[in-house]
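One rule links them: number in my numbering = place in the sequence shown (from 1) + 486.
C-beta: ideal position from N, C-alpha, C; glycine also.
Report on one structure; see the data block that follows.
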Amino acid sequence: MMNEQQLDWRWKAVQSRNREFDGAFYFAVQTTGIFCRPSCSSRSPKRENVCFFSTPTDAIKSGFRACLRCKPTLEYSPAPAARIVARAFEILLANVDDIPTIDALAGQLEVSPGHLQKTFKAIIGLSPKEVTDMMRIENFKKNVKRADVTTSLYDSGFGSSRSLYEKAGENLGMTPATYKKGGKDITIGYTVVDSRLGKLMVAATAKGICSVSFGETEEVLRKELEDEFFAAEIFRDHMRLNDAVTAILKSLDGEKTILTLPLDLHATAFQMRVWSELRKIPYGETRTYAQIAEAVGNPKAVRAVARACATNPVALVNPCHRVIASDGKLAGYKWGIERKKELLDKEKER
Ligand SMILES: [Zn+2]
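In structure tokens form, the structure reads like this:
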């Protein structure tokens with residue numbers, strides 16, 4: 487099981503008196519008032535008495551004196567790998583609320599993702615991905631104390647419930663729902679009907695529709711719903727969803743209706759902006775990912791827009807099928823490219 491101790495890379499460097507980190511950071515001992523470089527050969531202090539600084543100046547400002555034995559105020563040049571790890575953690579800790587992707591992190595450090603991977607594995611025994619996942623789990627533990635499980639998940643930087651759920655076993659030691667004991671779990675009613683494009687599932691909480699998806703069988707669809715809303719009580723509820731299903735089926739069969747159904751979606755602010763932009767695309771028309779990025783005021787975020795489309799929980803209601811690549815290719819579709827093609831062909835008939 488992973489835990490915060492594994493993220494304590496500086497402490498590990500101190501314990502192993504790792505010379506490669508000299509100059510990358512400094513440690514100070516509260517009980518003695520002295521600060522050292524990581525490789526200092528003085529007796530090892532207790533972890534709870536140790537704090538860390540990036541520069542000798544910071545340590546002195548906080549009232550610590552330089553160790554006479556290891557002379558931390560002289561100039562030291564950390565090994566390139568140690569420098570990368572130290573800088574990576576600096577970036578990550580400065581962005582705990584919006585943890586960067588591994589590619590973005592590598593970009594900021596001006597190394598390749600592969601090099602970052604090797605360096606992390608060699609120096610701290612964890613991949614950068616494992617580190618950022620652990621940081622997200624830590625965020626989740628904090629957030630879940632003041633919000634429901636699903637909201638906490640997204641606030642913690644997980645793109646979907648499933649990605650936390652998959653990691654939950656090893657990282658939390660229990661499911662997120664169990665972790666959040668006494669949390670306000672939700673109930674979800676769903677129904678599955680036959681449609682032109684296979685089985686169509688519509689699911690809703692008391693507040694609104696939370697999922698619209700296509701699949702081959704009811705079993706598969708229900709399983710996906712349970713994975714996504716693992717904390718929820720899920721039951722069949724055809725009666726209540728009948729009107730919504732009828733509206734969705736009509737639009738699927740070519741009726742030019744605007745689907746204005748009450749929604750209950752949980753996502754990042756960015757995903758919400760993209761999805762609301764999707765709902766503005768008129769029936770029968772398409773936009774490119776770049777146009778949507780432009781429309782949400784972030785022209786560079788083309789890939790993020792594509793990701794937001796790929797994580798759209800409500801097919802048709804948020805018409806992500808109307809977004810295509812700039813070269814006119816259909817690009818991807820969460821429920822299969824064939825369905826996207828059929829949907830667009832049908833809409834163009836009118
Ligand atoms: Zn020392």
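For residue i, the nearest candidate out of the options (CA to CA)
{"i": "D723", "options": "L751, E712, K557, T691", "result": "T691"}
{"i": "L735", "options": "S762, L683, R773, E705", "result": "L683"}
{"i": "R503", "options": "A514, R523, T517", "result": "R523"}
{"i": "I695", "options": "I577, N804, P531", "result": "N804"}
{"i": "A567", "options": "Y640, I546, E596, D584", "result": "E596"}
{"i": "A811", "options": "D729, L802, I823, I577", "result": "I823"}
{"i": "N535", "options": "S525, P542, F521", "result": "F521"}
{"i": "S638", "options": "R505, R726, D544, F715", "result": "F715"}
{"i": "I609", "options": "S528, D739, R496", "result": "R496"}
Below-8 Å beta-carbon distance, residue i vs any chain B residue
{"i": "V500", "result": "Note that chain B does not occur in the displayed structure, where there is just one protein chain."}
Environment of residue i [buried if 16+ CB atoms lie within 10 Å]
{"i": "I778", "result": "buried"}
{"i": "K557", "result": "exposed"}
{"i": "L829", "result": "buried"}
{"i": "G668", "result": "A caution first: G668 carries a pLDDT of 32, below 50, which makes its placement in the model unreliable, though a value can still be read off. Looking at its Cβ environment, which holds fewer than 16 other Cβ atoms inside 10 Å, G668 is exposed."}
{"i": "E763", "result": "buried"}
{"i": "K670", "result": "Confidence at K670 is low in this model, with a pLDDT of 46, below 50, so the placement of that residue should be treated as unreliable; the coordinate-derived value is given next. Exposed, because fewer than 16 other Cβ atoms sit within 10 Å of the Cβ of K670."}
{"i": "V809", "result": "buried"}
{"i": "Q501", "result": "exposed"}
{"i": "V706", "result": "exposed"}
{"i": "A787", "result": "buried"}
{"i": "N798", "result": "buried"}
{"i": "T732", "result": "exposed"}
Contact check, residue i vs residue j, beta carbons under 8 Å
{"i": "R555", "j": "A510", "result": "no"}
{"i": "I588", "j": "K615", "result": "yes"}
{"i": "R622", "j": "G643", "result": "yes"}
{"i": "F606", "j": "V571", "result": "yes"}
{"i": "I767", "j": "R773", "result": "yes"}
{"i": "A499", "j": "F507", "result": "yes"}
{"i": "R551", "j": "G519", "result": "yes"}
{"i": "L749", "j": "S737", "result": "no"}
{"i": "H807", "j": "K834", "result": "no"}
{"i": "A753", "j": "Y640", "result": "yes"}
{"i": "A801", "j": "V698", "result": "yes"}
{"i": "A796", "j": "G818", "result": "yes"}
Nearest-angstrom Cβ-Cβ length linking residue i and residue j, presumed shorter than 8 Å
{"i": "G675", "j": "M687", "result": "That belief does not hold up - the Cβ atoms of G675 and M687 are roughly 11 Å apart, past 8 Å."}
{"i": "N625", "j": "V582", "result": "7 Å"}
{"i": "A574", "j": "L591", "result": "6 Å"}
* To do: Could you name each continuous alpha helix (DSSP H) segment of 4 residues or more that falls completely within the region 499-558, going from the start of the chain to the end?
  => 542-547
* Asked: Residue ranges of each alpha helix (DSSP H) run of no fewer than 4 residues wholly in the region 563-596, ordered along the chain?
  -> 566-580, 588-595
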